[in-house]
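Below: one structure, written as structure tokens.
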Amino acid sequence: MRVINYFVLFVIVTAMIFMAGCTSEAASTQDKVPAIKIGVMCPYTGDLSPYGQAVRNGVNLAFEKANPENVELVYEDSAGSVKAAMDGIRNLVQEEDVQAVIGDITSGSTLTAAPFANKYHVTLISASSTSPDITDSGDYIFRTIPSDDQQGRFASELIYTEGHHNLALIFTNNGYGVGLTKVVRESYADLGGRIVADESVDAGSSDVSALVSKLKAVNPDAVYLISNSPEITALVLNEIAVQGIDTRLYGSEGLMGQTTLDIGKPAEGLTITAVSSGTPEFAQEYEAAYGEGPGPFSAQGYDAALALFKVIQEGALTKEEIKTALYSVELDGVTGKVSFDENGNIDGGYIASTVKNGQFIEAI
1 MRVINYFVLF
11 VIVTAMIFMA
21 GCTSEAASTQ
31 DKVPAIKIGV
41 MCPYTGDLSP
51 YGQAVRNGVN
61 LAFEKANPEN
71 VELVYEDSAG
81 SVKAAMDGIR
91 NLVQEEDVQA
101 VIGDITSGST
111 LTAAPFANKY
121 HVTLISASST
131 SPDITDSGDY
141 IFRTIPSDDQ
151 QGRFASELIY
161 TEGHHNLALI
171 FTNNGYGVGL
181 TKVVRESYAD
191 LGGRIVADES
201 VDAGSSDVSA
211 LVSKLKAVNP
221 DAVYLISNSP
231 EITALVLNEI
241 AVQGIDTRLY
251 GSEGLMGQTT
261 LDIGKPAEGL
271 TITAVSSGTP
281 EFAQEYEAAY
291 GEGPGPFSAQ
301 GYDAALALFK
311 VIQEGALTKE
321 EIKTALYSVE
331 LDGVTGKVSF
341 DENGNIDGGY
351 IASTVKNGQF
361 IEAI
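Quick note on full-length UniProt numbering: the sequence shown kicks off at 1 and runs consecutively.
This is how it looks when you write it as structure tokens:
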């Protein structure tokens with residue numbers, strides 16, 4: 001009888017230990033909160049890959065700096081194509097179940113992805129899309145770079161006040177180029193300036209000799225190159241040098257990067273209108289991490305990530321909460337104060353930098 005009682009007691013104790021272990025494991029499983037996924041959709045391949053990598057580097061640097069708890073970054077290559085951007089946003093939202101997306105690079109891709117992001121209530125925050133049309137693209141769309149409305153006016157005033165009243169425009173034939181060119185046309189005319197040439201360049205072009213010959217024929221006081229394609233930028237600047245056109249050269253913020261400096265002598269004297277490339281401290285941290293200075297929109301990518309990390313760490317966990325919190329976020333980013341208006345836009349000033357001896361020298 002005593003042996004049987006001991007056996008029964010052993011069975012009961014073993015069962016209790018097993019049940020306690022199961023309960024503990026279940027509690028541990030319940031306590032584990034799924035990671036909040038943030039997509040980083042940029043072109044990592046193709047002509048626009050230098051811009052995509054620059055933004056990705058900025059985002060990664062912010063991630064390392066902020067070290068946000070329970071946040072996971074998911075990368076998607078939009079390849080500089082509106083179709084790939086559409087496929088990318090669909091994959092991030094429906095397959096990866098992200099709560100927000102940083103991207104895309106070009107205005108055309110961002111505007112293509114915007115309706116889908118709005119439909120599924122996923123915040124889309126671009127570090128580089130400047131088209132004025134983004135202002136009205138939906139409640140879930142933000143950007144950490146000012147609209148071309150601001151850059152167009154700044155560039156027009158800079159060129160006109162420096163005494164150049166006959167301007168030639170060359171622009172990439174995409175959403176970015178068309179949008180900024182429209183603002184410059186209007187702003188420059190309002191100042192009393194005259195557009196003497198207005199030429200577009202398609203992606204993939206390999207010969208711009210005829211286009212540059214047209215510029216030479218009208219003898220402009222200045223040329224403003226609006227481009228977000230390193231290949232087109234190099235093509236145009238080299239051809240201007242080959243044809244010996246002696247004119248003042250200006251460029252939009254898409255030219256603010258190492259790829260322009262790599263062009264060499266044809267880029268000397270080029271003045272670029274651009275947003276802030278970040279604080280000196282940011283530049284030092286970036287160079288320490290990547291072995292080179294910040295690329296175009298690296299700082300804007302950094303600030304986009306910081307804004308998202310901040311609202312998440314302050315308790316915004318759902319898609320709706322993240323969107324709502326961004327409208328009231330305020331932080332001191334590496335590009336300045338980050339605060340969004342009712343359209344998801346950010347305010348910001350522009351600077352002019354000139355290529356001198358293979359370096360960008362900011363105008364004082």
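Where a beta carbon is used, it is the ideal one built from N, C-alpha and C, also for glycine.
Under the Cβ criterion (8 Å, minimum of three pairs), the stretch 155-170 does not count as touching the stretch 129-141. Annotation for L249: no alpha helix (DSSP H) segment contains it, though the beta strand (DSSP E) segment containing it runs R248 to G251. Look at A267 here: in three-state DSSP terms it is helix. Boundaries around N57 are those of the alpha helix (DSSP H), S49 to A66, since no beta strand (DSSP E) includes it.
By the C-beta density criterion, A114 is buried, having at least 16 other C-beta atoms within 10 angstroms. Cβ-Cβ distances below 6 Å link A100 to I38, T123, L308 and I322 in the same chain, with the five nearest sequence neighbours on each side left out; the list follows chain order. Under DSSP, R143 shares a beta bridge with S126. I36: member of the beta strand (DSSP E) spanning I36 to C42, first to last residue. In chain order, P43 place their CB closer than 6 Å to the CB of S49, counting only its own chain and leaving out the 5 sequence neighbours on each side. Residue state for I134 is assigned as helix, using DSSP reduced to three classes. Burial is judged here by how many other beta carbons sit within 10 angstroms of a residue's own beta carbon; L331 has fewer than 16 and is exposed.
Listed in chain order, the beta strand (DSSP E) elements of length 3 or more contained wholly in the stretch 143-202 are 166-172 and 194-201. According to the DSSP assignment, D77 belongs to the beta strand (DSSP E) that extends over V71 to D77. Shown here, V355 sits in a strand according to DSSP, grouped into three states. A straight-line Cα-Cα distance of about 34 Å links G152 and A66.
About 4 Å separates the Cβ atoms of A325 and V311, confirming a contact at the 8 Å cut-off.
Rounded to whole angstroms, the gap between the alpha carbons of G179 and G257 is 21 Å. In the structure shown, L326 falls within a helical segment according to DSSP collapsed to helix, strand and coil.
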